[in-house]
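Some notes on the structure that comes next.
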Amino acid sequence: MKNFIIAFLALATLFSCKQTEEKAQEQSAISADGNQITLTELQKKNAGIEVATLENQDIAHKILLNGTIDVPPQSMASVSSQLGGIVKSANFLPGNFVKRGQTLAVIENPEMVQMQQDYLQAKANHNLARQNAERQSYLSKHQAVSAKQAQIAQTEAQTQNIAVQGLAARLSAIGVNPNSVSSGSIQRTMAVRSPISGYISKVNTNVGQYAAPAEILFEVVNTDHLHLALKVFEKDLSKISVGQRIYAFTNDNPEKKYPAEIKVISKDFDADKSVMIYAHFLEKDPALIPGTFMNAEVETDMHQGLAVPDDAVVSWEGRQYIFEEVAQNTYRMFPVSIGNSENGFTQLVNFDVNNASKKFVTKGAYQLLMALKNEEE
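Residue 216 in the working numbering is what sits at position 151 of the sequence shown, and the numbering runs on without skipping anything.
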């Protein structure tokens, strides 16, 4: 019985050692400095690891700019009333489209009545003065009155005509057609009209509010001629030229590119040693709205250099790395400095060409990083 127990314990110990050895073979191994990992064949297969030597790629040098979507001055209008008054109607909201000359609001002001009365009175005075001038001229020709009296009458008629024209201009400025003013059709309200076609961007009034003279009630933006206003710093200015193609994108959707062409380069430096450039979009897109913050890439000259697929580069604690295959199934983090990216490849900057013949991971780098750092924890 004793011999049976000893034999059983020996067999159990042997079986346990074999399991421990098999389990160890299934686990990855990490170097003491935490920058190197060895995988099993199964782990390598599951991670999809692929390696290759580095190749030269043609990658364009890119300058990254930022700015906003804007419109030229003639495409933006601040709408106000020449004459103050109480707002009787205002029927538009931001985002509504309006046509040039369309009524945006109606304002009531008692001064309008007085202005029209003054205009009608001036017209009547002018008619009397004109008739008197004609009569004095006739009498002067027949020596019934002196030439001086005829001249005085003519001057008075001209003065009254000037008064009529001045009051007519004031009525036109507040939206009242002088030709429609008569003793039986005096208006108490005036229309505030849009000077351009476009979209309402701001509404600063409401019914019942007093609108002061020249107070901005609406802002209208015409989006037919959108452009990009971008900031270029002095160090990059020599690489920028009129006619150059750029590709703009938003922070929310960097994959969506909006092609544009540089049209104007400012000649004045700002306080931060930057210059504004203006580019016109080559395609219309309703998603483009004035005031939107945009990034833009400008492609300059092409450079050939060693590059790796974008997915081969990983970031850890503020630095970039690729993985070098140092032995079969063993990979070590290799610090690099990266340049521009294009067509799925990222350029390596100041990379020692003596390392170009080594094999580096081209697929599965992120999985390696996670396995390495998770094992450390």
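Glycine included, each C-beta is placed from N, C-alpha and C at the ideal position.
Here the structure is a predicted model, which is why all the values come from computation and not from measurement.
If you compare alpha carbons, which of Phe425, Ala430, Val401 and Gln179 is closest to Phe416? Nearest of Phe425, Ala430, Val401 and Gln179 to Phe416, Cα basis: Val401.
Using DSSP with H/G/I as helix, E/B as strand and the rest coil, what is Gly150? Under the three-state reduction of DSSP, Gly150 is assigned to strand.
Near Thr85, what residues of its chain come up, given a Cβ to Cβ distance below 7 Å and the 5 sequence neighbours on each side ignored? At Thr85, the pLDDT of 45 sits below 50, so the modelled position is not reliable; the number obtained from the coordinates is stated separately. Within the same chain, and ignoring the five residues on either side of Thr85 in sequence, no residue has its Cβ closer than 7 Å to its Cβ.
Restricting to runs no shorter than 4 residues, where is the alpha helix (DSSP H) found entirely within the stretch 182-221? Complete alpha helix (DSSP H) runs here, min 4: none at all.
Quick check: the stretch 387-395 against the stretch 97-111, are there 3 or more CB pairs under 8 Å? Yes: the two stretches touch, three or more of their Cβ pairs being nearer than 8 Å.
Where Ile265 and Ala430 are concerned, what is the direct C-alpha to C-alpha distance, given to the nearest angstrom? Roughly 51 Å between the two C-alpha positions.
Does Asn318 pass the burial test, meaning 16 or more other C-beta atoms within 10 Å, or should it be called exposed? Residue environment for Asn318: exposed (fewer than 16 other C-beta atoms within 10 angstroms of its C-beta).
If Leu291 sits next to Ile134, beta carbons under 8 Å apart, how far is it from one beta carbon to the other, in whole angstroms? Rounded to the nearest angstrom, the Cβ distance from Leu291 to Ile134 is 6 Å, consistent with a contact under 8 Å.
Nearest-angstrom Cα distance between Asn244 and Val152? Spanning the two alpha carbons is a distance of roughly 25 Å.
How would you call Ile227, buried or exposed, if buried means at least 16 neighbouring beta carbons within 10 angstroms? In this structure Ile227 is exposed. Its beta-carbon is surrounded by fewer than 16 other beta-carbon atoms within 10 angstroms.
Measuring only between beta-carbons, confirm whether Thr395 sits less than 7 Å from chain C. Going by chain labels, chain C is absent from the structure shown, which holds only one protein chain.
Look up Pro374 in the DSSP assignment and say whether it is helix, strand or coil. Note: Pro374 maps to strand in three-state DSSP.
Beta carbon of Ala446 nearer than 7 Å to that of Thr270: With the chain covering 66 to 442 only, the question about residue 446 has no answer from this structure.
Which partner residues does Ile44 have in the DSSP bridge list? Outside the displayed span of the chain (66 to 442) sits residue 44, for which this structure offers no information.
First through last residue of the beta strand (DSSP E) which encompasses Glu284: Ile281 to Val286 is the span of the beta strand (DSSP E), which, as asked, contains Glu284.
Look up Ser306 in the DSSP assignment and say whether it is helix, strand or coil. Assigned with DSSP and collapsed to three states, Ser306 falls in coil, not helix or strand.
From the DSSP output, in three-state form, read off Glu320 for me. Coil, per DSSP.
Can you tell me whether Ala198 is buried or exposed? The criterion is at least 16 other CB atoms within 10 Å of its CB, across all chains shown. Buried, since its Cβ has 16 or more Cβ neighbours within 10 Å.
Taking the alpha-carbon of Asp350 as reference, which of Gly370, Ile342 and Lys322 has the nearest alpha-carbon? Out of Gly370, Ile342 and Lys322, Lys322 has the C-alpha closest to the C-alpha of Asp350.
Starting from Ala117, trace the beta strand (DSSP E) both ways and give me its first and last residue. First-last of the beta strand (DSSP E) with Ala117: Glu115 to Thr118.
Based on the DSSP output, what are the partners of Ala421 in its beta bridges? Bridge partners of Ala421 according to DSSP: none are assigned.
Using a Cβ-Cβ cut-off of 8 Å (strictly less than) and excluding sequence neighbours within five positions of Leu371, which residues of its own chain qualify? Counting only residues of its own chain and dropping the five nearest sequence neighbours on each side, Leu371 has a CB closer than 8 Å to the CB of Leu119, Glu120, Asn121, Gln122, Gln412, Leu413, Phe416, Val418 and Ala421.
For Gly308 and His368, the rounded distance between their alpha carbons: Distance from the CA atom of His368 to the CA atom of Gly308, rounded to whole angstroms, is 21 Å.
If the criterion is Cβ atoms closer than 7 Å, does the pair Ile327 and Ile342 meet it? A contact, by the Cβ cut-off of 7 Å.
Measuring only the C-alpha atoms, how far is Gln219 from Gln225? Going by the C-alpha atoms only, they are around 10 Å apart.
Label Arg397 either buried or exposed according to how many other C-beta atoms from any shown protein chain fall within 10 Å of its C-beta, with 16 as the threshold for buried. That one is buried.
Rounded C-alpha distance that separates Asp289 from Gln167: The straight-line gap from Cα to Cα measures roughly 18 Å.
Locate the alpha helix (DSSP H) running through Leu107, then write down its first and last residues. Per DSSP, the unbroken alpha helix (DSSP H) holding Leu107 starts and ends at Glu106 to Ala112.
List the whole-angstrom C-beta distance separating Gln181 from Gln252, where the pair is believed to meet the contact cut-off of C-beta under 8 Å. Contact holds; Cβ gap of about 7 Å.
Do you know offhand how far Val373's Cα is from Val340's? Rounded to whole angstroms, Val373 to Val340 spans 34 Å at the Cα level.
Neighbourhood of Asp333 by C-beta distance below 8 Å, restricted to the same chain and skipping five residues each side: Val340.
Assigned exposure category for Phe73 - 16 Cβ within 10 Å defines buried: With a pLDDT of 38 at Phe73, under the threshold of 50, the modelled position of that residue is not reliable, and the figure given next carries that caveat. Its Cβ having fewer than 16 others within 10 Å, Phe73 is exposed.
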